[in-house]
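Novice:
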Amino acid sequence: MPATALQISSVINALNEVGPRDIYPQFDESTIALDRIEKGGDDGLKAFSTLAYREGKYIRIQAHVSGNPNVGVGVREGREYTRPGSQGYDVLKYRLKRIHAGMSHTIEAESHAGGGEQSAFDAPAQEMAACIQNIRKRQNKIILGDGSATLCSVPASGNNWTNATPATLVVDDASDMKVGMEIIVRTKTGGGDGTGATPALTEGGANAWPSTTDSAGNTIYKPAKVTAVNTSTNTLSLQYYNGVNIVNTTQTLCNSMGVYPWDSQAAVPWGLQIACDNVNPSAHGWTPGGAPPTDAVGMSCAFGALDRTTAANAWWKGTVTDLAGASVNLKDHLQNLRRTLLKRDGSLSGRTSILGICDPSIVDQITNALTAGQRTWKNITINTNKPMSLNDGLYDAVAFDIFAFVGDSDVHKGSSSTSYGRVLFFDPDKFYRYILTPWGLEKGPDGVTWHQSEGPYGRMTSEFYAYLATEQQLVCTSCLGNAMFDNVAL
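Numbered according to this note's numbering, the sequence shown spans residues 9 to 498.
1) Where does the unbroken beta strand (DSSP E) through N344 begin, and where does it stop?
2) Is it the case that the Cβ atoms of L104 and E471 are separated by a distance below 8 Å?
3) Among A109, V496, T173 and C487, whose alpha-carbon lies nearest the alpha-carbon of H420?
4) Do you know offhand how far T114's Cα is from T173's?
5) Just to confirm the assignment, what range does the beta strand (DSSP E) spanning Q480 have?
6) For N7, does the three-state DSSP call read helix, strand or coil?
7) What number of angstroms, rounded off, separates the C-alpha of Y249 from the C-alpha of A175?
8) Considering only residues of the same chain and omitting the five flanking positions on each side of Y102, which have a CB-CB separation below 6 Å?
9) In terms of residue numbering, what span does the beta strand (DSSP E) encompassing R441 cover?
10) In terms of DSSP beta bridges, what is K105 paired with?
11) Less than 8 Å between the C-beta atoms of L345 and T327, yes or no?
12) In chain order, what residues of the same chain have a beta carbon less than 6 Å from the beta carbon of R106, not counting five sequence neighbours either side?
13) With the cut-off set at 8 Å, would you say L444 and T457 are in Cβ contact?
14) Would you decide whether M111 is buried or exposed? Buried here means 16 or more other CB atoms lie within 10 Å of its CB.
15) How many angstroms separate the CA atom of G463 from the CA atom of K230?
16) Quick check: what's the CA-CA separation for T318 versus D154?
17) Thinking just about the alpha-carbon of each residue, which of Q147, V83 and S424 is nearest to the one in G333?
18) Could you check how far apart the C-beta atoms of V276 and A157 are, in whole angstroms? I think they sit under 8 Å.
19) Between which two residues does the beta strand (DSSP E) containing R194 stretch?
20) For T375 and V406, which I take to be in contact (beta-carbon distance under 8 Å), what is that distance rounded to the nearest angstrom?
21) Among the candidates N226, A283 and F433, whose CA atom is the shortest distance from the CA of H341?
22) Helix, strand or coil: how does DSSP classify L402 here?
23) May I ask you to report which of helix, strand or coil DSSP gives H341?
24) What residue range does the alpha helix (DSSP H) around A283 cover?
25) Would you mind listing the beta strand (DSSP E) stretches within the region 404-434 that are 3+ residues and don't spill past its ends, in chain order?
26) Beta-carbon separation of L511 and Q147 under 8 Å?
27) What did DSSP end up calling N226 once you bin it into helix, strand or coil?
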């Protein structure tokens, strides 16, 4: 079964409601970063079509990286001219990534929910509508990440594994973990092709994480499932997806490893955290195989398939400031960053051009610093695909000079400690989501979208399942306006 089915027990409290509009979500589903980067309507699509073209599973963007160095050169009478120069160009490459979501329901839940006009709760339709919003929330987290799909990490020291029924694992930050998540624990190295090593967790006396081989010869490891989350102690309770206990006799075995959605290591689109940085993914704690940009794995090895360690690619680096646990300071941080960004790209001047997205507490911190410094700032609202200076949108922001700061609790914690945060600075006009295939129900060869599940003995059950899928990638056309404040006090 791909997911826990929508059963009678899970919808019984909603069956007597007058309609889906009366089912109120009790958790945050806002998607600030995703909404701001999306380019909606024909104008957005036309603009992007002039910037990029697709080459198989890759997106290619031509980049003008330097001007002719030998222009405007004086010459003495009768002397030689300088050697002719030329413009400098390069190509940015982004590999498309496929992401999916599974849904399931039972015939009983659907039939009991079809109680006429007074019971308008259509179980599959409601499940799909809610799933779409869940998807956007997950994509918002992905778009703020670094492309590794890391949900959290196991601390480097300490006895973080405890054998119990179920077993428990201490992680650095459990706030993004949910009960029912199917996960896998893997080493962070080798992550570019999703082959980070798995720890030797046992089942039935085996010496490695149980696995099987698919028809293509790929090794598929058995999913683990989160059965409980304690955000106070950052502890996960884990079993294999079928309820079998996970056994581990070495309490430090998983230390320094990453926790990922099952089989999704490095399989998600790029995010702002890597776009705003000045390094390759290896500096984020995961080391993909292959050297950029020559092979298929290399497309996951470097953002835009360009090696940021090369001095000639300095134009493709963001501006990074490590605050080392300090609060944002007006003079040392914001004003310095403003000068740096305008020196890199003068077109950012004269407008609210740079969005700084961070934890809401850091927005308050910046507002207090601006007020104490007696600087002029104002409250604005920002929206999708509109200039931030229009002050016409859904999300509250604080505008100062070329910056607009907006709070988003999905921004990942600082690199040195989960007690710290980040501010991700970027020009939204330089980012696009290239969508080859929009979200939709996957169809089999026979055109069927909902499929009947088999039970453990090969018999059909009353459960039906379906998958939603999309193929897309986050694309950046310029890093000149990208920056990051890392390890900011929260």
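We treat Cβ as the ideally placed atom computed from N, Cα and C, and that holds for glycine.
Specialist: This is what the structure holds:
1) Note, N344: premise wrong, no beta strand (DSSP E); alpha helix (DSSP H) at N344 to R352.
2) Not in contact: L104 and E471 (Cβ atoms no closer than 8 Å).
3) It is V496.
4) It is roughly 29 Å from the alpha-carbon of T114 to the alpha-carbon of T173.
5) First-last of the beta strand (DSSP E) with Q480: M468 to C484.
6) A question about residue 7 goes unanswered here, because the residues of the chain that appear run from 9 up to 498.
7) Distance between the alpha carbons of Y249 and A175 is about 13 Å.
8) In its chain, beyond the 5 residues on either side, I67, Q481 and V483 have a beta carbon closer than 6 Å to the beta carbon of Y102.
9) Going by DSSP, R441 is part of the beta strand (DSSP E) stretching over F439 to L449.
10) Under DSSP, K105 shares a beta bridge with Q480.
11) A contact, by the Cβ cut-off of 8 Å.
12) The answer, listed in chain order, is E479.
13) At a Cβ-Cβ threshold of 8 Å, L444 and T457 do not count as neighbours.
14) Counting other Cβ atoms within 10 Å of its Cβ, M111 reaches 16 or more and is therefore classed as buried.
15) About 18 Å.
16) Within the model, the alpha-carbon separation for T318 versus D154 is close to 20 Å.
17) Considering only alpha carbons, the answer is S424.
18) About 5 Å separates the CB atoms of V276 and A157; that is less than 8 Å, so the two are in contact.
19) Segment E190 to R194, the beta strand (DSSP E) holding R194.
20) Right, their Cβ atoms sit about 5 Å apart.
21) Selected option, being the one with the closest Cα: F433.
22) Note: L402 maps to coil in three-state DSSP.
23) In this structure, H341 counts as helix in the three-state DSSP scheme.
24) Annotation for A283: the continuous alpha helix (DSSP H) segment containing it runs L280 to A283.
25) Runs of the beta strand (DSSP E) inside the region 404-434: 411-415 and 428-434.
26) Not covered by the structure: residue 511. The range shown for the chain is 9 to 498.
27) N226 falls in the coil class under three-state DSSP.
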